[in-house]
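S.K.:
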Amino acid sequence: ETGVTQSPTHLIKTRGQQVTLRCSSQSGHNTVSWYQQALGQGPQFIFQYYREEENGRGNFPPRFSGLQFPNYSSELNVNALELDDSALYLCASSSTGTSEAFFGQGTRLTVV
Amino acid sequence: AQSVTQLDSQVPVFEEAPVELRCNYSSSVSVYLFWYVQYPNQGLQLLLKYLSGSTLVKGINGFEAEFNKSQTSFHLRKPSVHISDTAEYFCAVSDRGGSARQLTFGSGTQLTVLP
Chain A
5 ETGVTQSPTH LIKTRGQQVT LRCSSQSGHN TVSWYQQALG QGPQFIFQYY REEENGRGNF
65 PPRFSGLQFP NYSSELNVNA LELDDSALYL CASSSTGTSE AFFGQGTRLT VV
Chain B
900 AQSVTQLDSQ VPVFEEAPVE LRCNYSSSVS VYLFWYVQYP NQGLQLLLKY LSGSTLVKGI
960 NGFEAEFNKS QTSFHLRKPS VHISDTAEYF CAVSDRGGSA RQLTFGSGTQ LTVLP
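Sequence lines, in order, name chains A and B. Under the numbering used here, the first residue of the first sequence is numbered 5, with each subsequent residue one higher. Under the numbering used here, the first residue of the second sequence is numbered 900, with each subsequent residue one higher.
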């Protein structure tokens, strides 16, 4: 059974650019959630995808968008990057009917 | 809406001493409660969870937590800590009735175990 994997592990982008982060969910999991963790803070819920549809969204602007694919993997896209978007982005997968979310190692995004 | 307050941002403790990390939550609905640990430059690992039943729950690495509904608290404890327990600890809640596992996290407590 493979765990949650995220790619890339690190990347640096310039303000105004666009970025795509990727997540492969744990085997058997059909739900993927994305979180933003700024330095020194707890993770903040961005949105969740279930069966390829957005299924809940936190307090993030529309320039944060996502996709979920038929194999349950997911992408997080951020347009018009701002300096404050610099953070660790965490992906978590889970399955309906269960209580636990499993987290990946995260992608460290630095916006300069 | 839910919120989580972790009362201590940093907790230094000597090796083999007991430790308690405090967590209070606020919610208008019934919740599930979780504690996660994060080692440097890594993701989150689940330590333990409270879903229902006994209010004392045991987790991995010798940690336990007690759910207190009247005080809306879920404090994490370990009777004897090791150097390897040095990490950031996060308390989190999710809505029982909501879709799977939209977690609301506290701001974290940095546990530093001193030799």
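Every residue gets a Cβ at the ideal spot worked out from N, C-alpha and C, and that includes glycine. The structure presented is a predicted model; accordingly, all values stated were derived computationally and were not measured.
1. What separation, rounded to the nearest whole angstrom, lies between the Cα atoms of asparagine 83(A) and valine 23(A)?
2. Mind listing the chain A neighbours of threonine 1003(B)? Cutoff is C-beta to C-beta under 8 Å, in chain order.
3. Which residues of the segment 927-960 of chain B have a Cβ closer than 7 Å to any Cβ of chain A? Give them in chain order.
4. Give me the Cα-Cα distance between tryptophan 934(B) and glycine 952(B), rounded to the nearest whole angstrom.
5. Exposed or buried, which one is glutamine 909(B) when buried takes at least 16 other CB atoms within 10 Å?
6. Just curious, the beta strand (DSSP E) that phenylalanine 1018(B) is in, first and last residue?
7. Give me, in chain order, the residues of the same chain whose beta-carbon lies closer than 6 Å to that of glutamine 1009(B); leave out the 5 immediate sequence neighbours on both sides.
8. What is the C-beta distance between glycine 942(B) and glutamine 109(A), in whole angstroms, given that I count them as a contact (C-beta under 8 Å)?
9. State yes or no: is the C-beta of glutamate 914(B) within less than 8 Å of the C-beta of proline 1014(B)?
10. Nearest chain B C-beta to glycine 108(A) closer than 8 Å, yes or no?
11. What separation, rounded to the nearest whole angstrom, lies between the Cα atoms of glutamine 901(B) and glutamine 970(B)?
12. Could you say if the segment 90-108 of chain A and the segment 31-41 of chain A meet the contact criterion of at least three C-beta pairs nearer than 8 Å?
13. Would you check if the distance between the CB atom of tyrosine 924(B) and the CB atom of tyrosine 949(B) is smaller than 8 Å?
14. Pull up the DSSP beta-bridge partners for arginine 26(A), would you.
15. Could you round the C-beta distance between leucine 1002(B) and alanine 105(A) to whole angstroms and report it? I think they count as a contact, below 8 Å.
16. Under 7 Å Cβ to Cβ from tyrosine 54(A), same chain only, skipping five residues before and after it: list those, please.
17. CB leucine 920(B) to CB histidine 981(B), shorter than 8 Å?
18. Phenylalanine 68(A) and isoleucine 50(A) look like a contact to me (Cβ under 8 Å); what is the Cβ gap, rounded to whole Å?
19. For isoleucine 16(A), write down the residues that DSSP places opposite it in a beta bridge.
20. Short of 7 Å Cβ to Cβ, which residues in the segment 53-68 of chain A face chain B?
21. Kindly list the residues whose CB is nearer than 7 Å to the CB of threonine 985(B), restricted to its own chain and excluding five residues on each side of it in sequence; keep chain order.
22. Taking proline 978(B) as the reference, give the member of Arg995(B), Ala991(B), Lys957(B) with the closest Cα.
M.R.: To lay it out plainly:
1. 7 Å
2. Phe49
3. Tyr931, Gln941, Gly942, Leu943, Leu945, Lys948, Leu950
4. 17 Å
5. Exposed, because fewer than 16 other Cβ atoms sit within 10 Å of the Cβ of glutamine 909(B).
6. This structure cannot speak to residue 1018(B), because chain B is shown only from 900 to 1014.
7. Gln909, Glu987
8. 5 Å
9. yes
10. It does: the Cβ of glycine 108(A) has a partner Cβ on chain B nearer than 8 Å.
11. 15 Å
12. yes
13. In this structure, tyrosine 924(B) lies away from tyrosine 949(B), with their beta-carbon atoms at least 8 Å apart.
14. Ser11(A), Glu79(A)
15. By a beta-carbon distance limit of 8 Å, leucine 1002(B) contacts alanine 105(A). Their separation comes to about 7 Å.
16. Asn34, Thr35
17. no
18. 6 Å
19. Thr114(A)
20. Tyr54, Asn59, Gly60
21. Leu1010, Thr1011, Val1012
22. Lys957(B)
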